[in-house]
Amino acid sequence: MNTIKGRVWVLTDDQGALIPNIDTDMIFHNRYLHITKLEEMGPYALDNLAGWEDFAKKCQPGDIVVAGGNFGCGSSRQQAVDCFRALGVTALVAESFGAIYFRNAVNAGWPVLVCPALDPAALNSGDEIELDLAGGTWRNLTRGTDLPALKAVSNVQREIMAAGGLFKLATG
Amino acid sequence: MPHTIIEKIFLAHGAEGAEPGSIQWLGLDYRTARDFGGASVVQNLRENVPDKPVADVKRTFFTFDCNAPANTAGYADNQHSCRLFAREHGVKVFDVDAGIGSHVLIESGLVKPGTTAVGTDSHYNILGALGAFGQGMGDVDIAYAFAHGRTWFEVPGSVKITLKGLPAANTDAKDVTLYLCGQLGAAGLLGQVGELYGEWVDQAGLAERITLASMGTEMGAISLIIPGDNPDFHASPGAPYERELEFDIDGLRPQVALPGHPEDVHPVHEVIAQGSVPIDSVFIGSCTNGRIEDLRAAASHLRGGACPPQVMLRVVPATRQVWQEALKEGLMDVFMDANGLVSNAGCGGCASGQIGMTGAGEVQLSTSNRNFSGKQGKGRTYLCGPSVAAASAAAGELVEPEAKS
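Here the protein sequences come in this chain order: A and B. With the numbering used here as the guide, the letters of the first sequence map in order to residues 1490 to 1661. With the numbering used here as the guide, the letters of the second sequence map in order to residues 5 to 409.
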């Protein structure tokens, strides 16, 4: 899975700025924490993030999410990763991630990528983008422009993604 | 070769190197799961490693603290799936009567300087209070830790943080902690370990250290670590810090975080100078401020009797042990005389509302560590220390507490 292509959702506020510090209670609120089946988590994704409450209704399988800094800060809940997987979101790019969130995504084998110089003006929600995980590059296909470089994926992240999750890595 | 504290902990737990940014396999002394996430840990274990899901039962625990006792059928199912798994495999359960898992682990004496432990609790880095490395992780991670006793981890870079001076007499450790959070910001230590030093840190007791370490998560830190009493896990002279920061806390006055952002911190006296802040409810407890010392501080401001009738005061001791100490010391009488509600030990309001949520328009003062918008209901939650919380409960509005007698 070296390239991922899809329609993008850019998590911006009403001024068009990337929303920083989107925490796990905005992504998957604590009132749903008892849910353990991945397929039941999708409808609640981002329903406590102002301006994005209807995200789950708009999102289609194959979409990609782009977010600001410290995305997923807060609690250790895996559901904050799994709710996007349940919706069929294929990757998430952020300026930076909360450390636990990043690990949870990596361990699930779900592609999370860091773009430190992310520019929200370079892509709009609805644009088609293509991510090249091996090359660490991505393009806005709708505008035909290159986007700022992605941070290199670590070996362990690559191995876990290739295996399809941490447990699959362990059992070879 | 000189090393920081976290590097020494990694090297003592099987890491082949300790270069920040390198990925190492880290041995875990203890691995735990709460009712929060625990059911998914069990599910992951049953699916992936049914034959040998627990590498070492003596180092593995369940701790139910989040929804204690279960107030939804879903949580009850989740807790019981953990109990059944634990009985099957001989794993000890600290059940809904025990209190906050990280605090139970500390009280049990298992956590020492240099110890490594993980749990499904994003404030597990609270173990930094003892010079240990705790880390909150998700279900997959914790399941893997149960089964293998180790995990991969990127060695974090370290930041040396020195606090200069001593805060004012009417402050708690929480005021220093909030101040630091405000100065550093929500991502100020993102992916890093902060080592804490200074005159105030040196004289801080365990409860104060717990408060301080507990909010590293709100600063983006992997952990805040305070050197413990074992020099093997002290930083070497010349340790390679990525940054060295100093903060002047001399004469620091009580602080409060405004609703929505733990890092939006201001001195109480400046906030109330803009206009009074009448309050509807007060929560005293959480892993940040649920120790007996915190309850004593709160009680010292409540001795005047009943709080105004519009104020709902809620107190949640961190653990069963703290609860019993508070009872013996007569603190429970103080809280009851103040028209307070005292709940069983646990996390309190933080996760799923063990002790209730806030309604639209409600103004709450909370001694917990997070007040993200909507987290604890639609009300507006301010974060503060137990002295500010209790003095304000008694006054019916946000106030600066008197100095402790």
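Every residue, glycine too, gets a C-beta built ideally from N, C-alpha and C. It should be emphasised that the depicted structure is a prediction, and the values quoted were computed from it without experimental measurement.
Based on Cα-Cα distance, which residue from the options lies nearest to residue i?
i               : options                            : result
L1655 (chain A) : A:P1605, A:A1610, A:V1595, A:I1516 : A:V1595
G255 (chain B)  : B:D179, B:H93, B:D233              : B:D179
A1606 (chain A) : A:I1589, A:E1584, A:G1505, A:D1514 : A:E1584
M141 (chain B)  : A:N1593, A:W1627, A:A1539          : A:N1593
N1559 (chain A) : A:A1534, A:F1591, A:P1550, A:L1535 : A:F1591
T1551 (chain A) : A:W1498, A:I1589, A:L1507          : Contrary to the premise, residue 1551 (chain A) reads as Gly rather than Thr in this sequence. Here the closest residue by C-alpha is A:W1498.
V1645 (chain A) : A:E1542, A:V1601, A:T1634          : A:V1601
G289 (chain B)  : B:A330, B:G350, B:V338, B:H270     : B:G350
I253 (chain B)  : B:L30, B:C185, B:G279              : B:C185
A310 (chain B)  : B:E333, B:G198, B:D337, B:D298     : B:D337
G204 (chain B)  : B:I230, B:N82, B:R87               : One detail in the question is off: residue 204 (chain B) reads as Trp in this sequence, not Gly. Answer by Cα proximity: B:I230.
A364 (chain B)  : B:Q358, B:N348, B:G381             : B:G381
E92 (chain B)   : B:G389, B:P57, B:I27               : B:P57
So residue i is in the beta strand (DSSP E); what residue range does that whole segment cover?
i               : result
K164 (chain B)  : 162 to 168
A1556 (chain A) : 1553 to 1556
L1576 (chain A) : It is not in any beta strand (DSSP E) - L1576 (chain A) instead sits in the alpha helix (DSSP H) that spans 1568 to 1576.
T1501 (chain A) : Taken as a continuous stretch (DSSP letters only), T1501 (chain A) belongs to no beta strand (DSSP E), as it is neither H nor E.
V197 (chain B)  : 197 to 202
R38 (chain B)   : 34 to 38
L387 (chain B)  : 384 to 387
N1629 (chain A) : 1626 to 1629
Go through its chain and collect everything with a Cβ distance to residue i's Cβ below 8 Å, but skip five positions before and after it.
i               : result
G1661 (chain A) : For G1661 (chain A), the predicted model reports a pLDDT of 44, less than 50, meaning its position is unreliable; a value from the coordinates is still stated below. Result list for G1661 (chain A): empty, nothing under 8 Å.
V122 (chain B)  : L32, Y34, R35, T36, Y128, G138, Q139, G140, M141, D145, I146, A149, T155
N373 (chain B)  : H127, S218, M219, T221, E222, P266, S290, C291, T292, C354, L387
Below 8 Å between beta carbons: does that hold for residue i and residue j?
i               : j               : result
T166 (chain B)  : E250 (chain B)  : yes
K1494 (chain A) : E1619 (chain A) : yes
R247 (chain B)  : V163 (chain B)  : yes
A177 (chain B)  : E222 (chain B)  : no
L1527 (chain A) : A1569 (chain A) : no
G242 (chain B)  : P6 (chain B)    : yes
A397 (chain B)  : G308 (chain B)  : no
L402 (chain B)  : V272 (chain B)  : yes
S227 (chain B)  : G132 (chain B)  : yes
A136 (chain B)  : K116 (chain B)  : yes
A303 (chain B)  : L262 (chain B)  : no
V392 (chain B)  : V275 (chain B)  : no
D268 (chain B)  : M316 (chain B)  : no
A1588 (chain A) : G195 (chain B)  : yes
G1563 (chain A) : F376 (chain B)  : yes
G1540 (chain A) : D1514 (chain A) : no
E404 (chain B)  : R257 (chain B)  : yes
G400 (chain B)  : P282 (chain B)  : yes
V1642 (chain A) : L1622 (chain A) : yes
L1581 (chain A) : V1554 (chain A) : yes
S106 (chain B)  : C291 (chain B)  : yes
H1518 (chain A) : Y1533 (chain A) : yes
D55 (chain B)   : Q83 (chain B)   : no
May I ask which residues mark the beginning and end of the alpha helix (DSSP H) holding residue i?
i               : result
F150 (chain B)  : 143 to 152
E1542 (chain A) : Run containing E1542 (chain A): none; DSSP gives neither H nor E here.
Y183 (chain B)  : 177 to 188
L299 (chain B)  : 296 to 304
I1508 (chain A) : First-last for I1508 (chain A): undefined, no H or E at that position.
Y79 (chain B)   : 77 to 93
N1593 (chain A) : 1588 to 1596
R213 (chain B)  : 210 to 218
I9 (chain B)    : 9 to 15
T1513 (chain A) : 1513 to 1516
V108 (chain B)  : 105 to 111
I1649 (chain A) : 1644 to 1652
Here's a check: name, in chain order, each residue in its chain whose Cβ is nearer than 6 Å to the Cβ of residue i, leaving out the five neighbours to either side.
i               : result
A37 (chain B)   : V45, F66, T124, I146
V449 (chain B)  : Residue coverage of chain B in this structure runs from 5 to 409, which leaves residue 449 (chain B) outside it and unanswerable.
R1632 (chain A) : none
Note down, in chain order, each residue of its chain lying with its Cβ closer than 7 Å to the Cβ of residue i, except the 5 sequence neighbours on either side.
i               : result
N1629 (chain A) : A1611, L1612, D1616, I1618, L1636
N48 (chain B)   : D143, V144, A147
V108 (chain B)  : T67, F98, A102, T323
E11 (chain B)   : A22, V159
I214 (chain B)  : I130, A133, R295
L188 (chain B)  : M223
Kindly examine the ligand ADP and report whether one of its heavy atoms sits closer than 7 Å to the Cβ of residue i.
i              : result
Y386 (chain B) : Ligands are entirely absent from the displayed structure, and the ligand ADP is therefore not among its contents.
Quick check on the DSSP output: what are the complete beta strand (DSSP E) runs of length 3 or more inside the region 321 to 370 of chain B, in order along the chain? 344 to 346, 367 to 370
For the region 253 to 286 of chain B, which segments carrying the beta strand (DSSP E) assignment without a break, of at least 3 residues, lie completely within its bounds, in sequence order? 259 to 261, 269 to 271
Whole beta strand (DSSP E) runs in the region 227 to 251 of chain B with 3 or more residues, listed along the chain? 227 to 229
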